[in-house]
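The sequence shown lines up with residues 6 to 431 when you count with the working numbering. Backbone N, C-alpha and C define an ideal beta-carbon position, used for all residues, glycine too. Here is the structure we will look at, set down as structure tokens.
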Amino acid sequence: MLARMGFRPIILERGKSVRDRTADTFGFWKKKTDFNPESNAQFGEGGAGTFSDGKLYSQVRDSHHYGRKVLTELVNAGANPEILYINKPHIGTFKLVGVVEKMRATIQSLGGEIRFQSRVVDVAIEHGQVRGVTLASGEFISSDHVVLAVGHSARDTFQMLLERGVYIEAKPFSIGFRVEHPQTLIDRCRFGEQAGHPVLGSADYKLVHHCKNGRSVYSFCMCPGGLVVAAASEPGRLVTNGMSQYSRNERNANSAIVVGITPEDYPGSPLAGIDFQRRLEEQAFALGGSNYEAPGQLVGDFIADRPSTSLGSVRPSYQPGVKLGDLSQSLPNYAIAAICEALPAFDKQIKGFAMEDAILTGVETRTSSPIRIKRKEDGQSINTLGLYPAGEGAGYAGGILSAGIDGVKVAEVVALSLLQNTSIKH
Ligand SMILES: Cc1cc2nc3c(=O)[nH]c(=O)nc-3n(C[C@H](O)[C@H](O)[C@H](O)COP(=O)(O)OP(=O)(O)OC[C@H]3O[C@@H](n4cnc5c(N)ncnc54)[C@H](O)[C@@H]3O)c2cc1C
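Structure, rendered in structure tokens:
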């Protein structure tokens with residue numbers, strides 16, 4: 006947006022270009038390369054949504070129709086034009102890679118600059134005004150306008166910002182597991198006799214259950230005909246997520262089944278939610294055998310509270326692999342109780358949802374940012390002028406489309422501020 010408006014933004018990206026990042030991420034999933042904490046499902050060109058289902062819907066209020074702008078830019082970069090008119094559009098992983106490359110080329114052709122492997126490790130703040138950023142290489146880049154759109158996994162960056170005095174507060178997020186069922190089961194339940202009709206494609210679902218213990222359990226980021234993926238960004242920690250290709254024709258349907266939690270569950274510093282996530286991710290890593298395999302359990306065994314020892318009819322899709330066992334220790338007791346209650350309740354809406362052989366893999370901890378970097382109406386941090394927190398990491402978006410919408414909004418306020426500064430100087 007800034008490049009289109011005639012500015013020359015510099016984009017600093019800690020990870021690699023999308024092709025190199027794809028090699029690192031898929032190499033890790035297929036056990037061909039080691040895990041790379043700077044190049045993975047979270048970090049690298051395109052951000053967290055690059056290896057995803059590319060679902061492009063959002064529940065945010067969008068009275069200015071910025072979402073239309075985001076979708077139009079995606080189409081200009083090669084996404085299927087159907088995303089402009091179909092209900093619940095999605096792009097699919099491999100298409101997204103090409104879209105991201107085209108967007109980069111457009112930004113560069115307009116005078117913008119993109120620097121890879123350029124991690125921001127510090128911000129210079131003088132009397133409450135940002136003055137620039139320092140990169141891991143030691144280089145200092147001077148600027149009075151810094152957009153901070155680092156995503157929800159930039160934990161080291163959040164720590165640095167807190168140390169520099171930028172106002173951060175804890176916010177609610179959700180924790181749980183990925184569940185996998187045969188896609189044919191979901192199709193049958195949703196489409197009845199028409200299941201399998203090519204016009205309908207693979208069915209999705211959205212489920213919510215309010216539990217006796219006061220918690221709510223819901224399905225999140227449902228990926229029809231997709232794969233469960235390794236989404237960690239720190240060594241020795243394990244996180245699951247989901248993705249699909251455009252065709253959505255893998256054998257399993259997957260979604261996150263998660264429980265809402267609030268800062269009351271992780272009291273303390275503004276970053277206590279991150280410590281909480283890390284503990285769960287470390288436990289999951291250990292339960293999986295400390296080799297990035299995910300701990301898993303059959304739904305029937307999970308509900309009956311017995312460890313799983315062998316797979317049934319559903320083959321888990323998570324790579325590098327799944328180690329069967331007991332997931333009851335992998336989340337706090339209230340979350341385990343809530344998910345145990347919710348699965349049979351979901352079975353009443355989708356017959357077979359609590360089938361014995363459906364498979365759970367854990368843990369899902371990065372549903373949204375555990376923090377908010379609060380900003381004022383004019384988009385600047387409430388205590389640091391010139392710092393513009395944006396997107397999911399700052400707590401202002403929850404998905405690809407809402408992050409894009411927030412990006413458009415922030416670009417507008419940055420442009421306004423730059424123009425006002427210029428006219429004052431003139
Ligand atoms: C596997 C997976 C599947 C998903 N599926 C979907 C989906 O289908 N639909 C949907 O709407 N959402 C999905 N999401 C969520 C979605 O990707 C995010 O909501 C969205 O990407 C947030 O956008 P963002 O720009 O705020 O942050 P991000 O996309 O996380 O981008 C932040 C960028 O900042 C970089 N960065 C971080 N720290 C620094 C630093 N210190 N210096 C320099 N660069 C830094 C990162 O490398 C990253 O590229 C998925 C996420 C994952 C992981």
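Rounded to a whole number of angstroms, what is the C-alpha to C-alpha distance between D67 and G403?
-> 14 Å
Look up G293 in the DSSP assignment and say whether it is helix, strand or coil.
-> coil
Every unbroken beta strand (DSSP E) inside the region 338-407 [3 residues or more] | 364-369 and 392-394
Closest to Y393 by CA distance: which of S407, I405, D411 and I376 is it?
-> D411
Proximity below 8 Å, CB of R169 to CB of V128 = yes
Enumerate, from N- to C-terminal direction, the unbroken beta strand (DSSP E) stretches of 3 or more residues contained entirely within the region 85-145.
-> 118-120, 125-131 and 134-140
Find the nearest neighbour of K414 within the set Y71, E144, P375 and G59, judged by alpha-carbon distance.
-> Y71
By how many angstroms is the C-alpha of T55 removed from the C-alpha of I405?
-> 9 Å
In terms of residues, what are the limits of the beta strand (DSSP E) holding E185?
-> F178 to P187
What beta strand (DSSP E) runs, 3 residues minimum, are completely inside the region 253-292?
-> 257-266
Reduced DSSP secondary structure (H/G/I, E/B, other) of S422 = helix
Please classify I410: does DSSP put it in a helix, a strand, or coil?
-> helix
Between the C-alpha atoms of Y323 and L232, what's the straight-line distance to the nearest angstrom?
-> 7 Å
Could you name the residues of the same chain whose beta carbon sits closer than 8 Å to that of R195, not counting the 5 residues immediately before and after it, in chain order?
-> A208, D209, Y210 and I355
When DSSP labels each residue in this structure, what does T245 get in the three-state scheme?
-> strand
Sorry if obvious, but does the Cβ on M248 come closer than 7 Å to a heavy atom of ligand 1?
-> yes
For E417, three-class secondary structure by DSSP | helix
Environment of H431 [buried if 16+ CB atoms lie within 10 Å] = Any answer about H431 is weak, because its pLDDT of 46 lies below 50 and its placement is not dependable; what the coordinates show is given next. H431 is exposed by the Cβ-count criterion.
P349 to E87, Cα distance in whole Å?
-> 36 Å
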